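If you read the sequences in order, they're chains A and B.
Position 38 (the first sequence) corresponds to 38 in this note's numbering; numbering is contiguous.
Basically this note's numbering = 1-based index in the second sequence + 1000.
Since the structure comes first, as structure tokens, the remarks are kept for the end.
Protein chains: 2
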Amino acid sequence: MALTTELDRVIADRLEQHDMRYTSGRRAIVAALRAIGGPVTLPELLTFSGEVTQSSAYRNLALMQEAGVVRRLVHGADHAHFELAEELTEHHHHLICETCGTVEDFTLDDELERALDDAFVRVAQATGATPTSHLIDVFVVCSNCTAS
Amino acid sequence: MALTTELDRVIADRLEQHDMRYTSGRRAIVAALRAIGGPVTLPELLTFSGEVTQSSAYRNLALMQEAGVVRRLVHGADHAHFELAEELTEHHHHLICETCGTVEDFTLDDELERALDDAFVRVAQATGATPTSHLIDVFVVCSNCTAS
DNA sequence: TTGCTTGCAAATGATTTGCACTGCT
DNA sequence: AGCAGTGCAAATCATTTGCAAGCAA
């Protein structure tokens, strides 16, 4: 199967570095994550991509997370959400509806983001820890749920 | 049983508003959360407070969360973490060790926190949503885990 | 007594895993 | 051939829930 896009190439590389093949099942998952464009639950992913099996989806998402291709988000809701790793897309944060559990992306302007990073490094180092990444969740009641 | 501290009084009030009693089991949970001072998993809580039963602990933590007394934190780790609600303590964020799952609190200075709040309100309203709260997680490798 | 609480044991449900099979390489 | 990947069904395990008994107002 041909590598169609630049993103596919990058992903194929990362997987190779972890001795993983970029199989059609994995392509299907990536394609779905890309098409949907935001964090998705596993059931949503399966619905979108009929060809994918539940256990393989879980397995491949876990492996691809290990390879830095996928990110798993856990909130209070029943299902975890999955999205493409930030390095493959763009650093962003999440708007989470407390009522329906839907997750949307948003970004902060660079200046604020830099100020945060500085603060995080300072805080982490004060405890002797090394910061690796951060996550900002803003909880909301979305327009859908406000209505009802 | 007498109300010993100001915090107990506030908690008793909140529970009453939700038609809940501030029973000894609930006191034990609150006492443990207070004594430990940071986010705790349920097994940790049970170990600390031998008198508490698993199912009652889960039930009471859920109810107290509903009443705004407890906050539940969910990360990738096996167990959720529980802590006293921010309104009873202080607005803060979390430093999470990617390796061992330990969670520690930290705070940001007011100016930065205000800038963030403004940004969040702006972002949320752009989608028609109403922001209610936010959560900042900084992932680290803690000094313990760096060592090993 | 009425109804919130509790403890125990059983149920739930998302996620993981064992195993035999398929298909790259 | 050799080994990663897949699908199915069964196992896990944190968390939830049903139910009968306890206790406060």
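Beta carbons: idealized from backbone N, C-alpha and C, even for Gly.
All figures in this text were calculated on a predicted structure; none of them were measured in a lab.
Can you look up residue i in the DSSP assignment and give me helix, strand or coil?
i                       : result
residue 84 of chain A   : strand
residue 1143 of chain B : helix
residue 61 of chain A   : helix
residue 1066 of chain B : helix
residue 1 of chain A    : Because residue 1 of chain A sits at a pLDDT of 49, beneath the cut-off of 50, its placement in the model cannot be relied upon, and the point is left open.
residue 982 of chain B  : No information on residue 982 of chain B is available, as it lies outside the stretch 1001 to 1148 that chain B covers here.
residue 43 of chain A   : helix
Classify residue i as buried or exposed, calling it buried when 16 or more other Cβ atoms lie within 10 Å of its own Cβ.
i                       : result
residue 1138 of chain B : buried
residue 1093 of chain B : buried
residue 144 of chain A  : exposed
residue 104 of chain A  : buried
residue 9 of chain A    : exposed
residue 1119 of chain B : buried
residue 1071 of chain B : buried
residue 1039 of chain B : buried
residue 1100 of chain B : exposed
residue 83 of chain A   : buried
Note down the Cα distance separating residue i from residue j, rounded to an integer number of angstroms.
i                       : j                       : result
residue 1045 of chain B : residue 1034 of chain B : 11 Å
residue 122 of chain A  : residue 129 of chain A  : 10 Å
residue 76 of chain A   : residue 17 of chain A   : 33 Å
residue 1073 of chain B : residue 1052 of chain B : 20 Å
residue 1069 of chain B : residue 1047 of chain B : 21 Å
residue 1007 of chain B : residue 1023 of chain B : 15 Å
residue 1043 of chain B : residue 1060 of chain B : 14 Å
residue 115 of chain A  : residue 4 of chain A    : 38 Å
residue 1125 of chain B : residue 80 of chain A   : 25 Å
residue 146 of chain A  : residue 15 of chain A   : 42 Å
residue 88 of chain A   : residue 1013 of chain B : 49 Å
Going by DSSP, what residue range makes up the alpha helix (DSSP H) through residue i?
i                       : result
residue 117 of chain A  : 110-126
residue 30 of chain A   : 24-36
residue 1006 of chain B : 1006-1017
What do you reckon, is the C-beta of residue i under 7 Å from a heavy atom of the ligand SAH?
i                     : result
residue 25 of chain A : Although the ligand SAH was asked about, the structure shown includes no ligands whatsoever.
I'd like the span of the beta strand (DSSP E) that includes residue i, first residue to last.
i                      : result
residue 103 of chain A : 103-106
residue 94 of chain A  : 93-97
Cβ contact (3+ pairs, closer than 8 Å) linking the stretch 1061-1069 of chain B and the stretch 1099-1119 of chain B: The stretch 1061-1069 of chain B is not in contact with the stretch 1099-1119 of chain B.
Are there three or more Cβ pairs, one per stretch, closer than 8 Å when the stretch 125-143 of chain A is compared with the stretch 1019-1030 of chain B? In short, these stretches do not touch, since the Cβ pair count stays below three.
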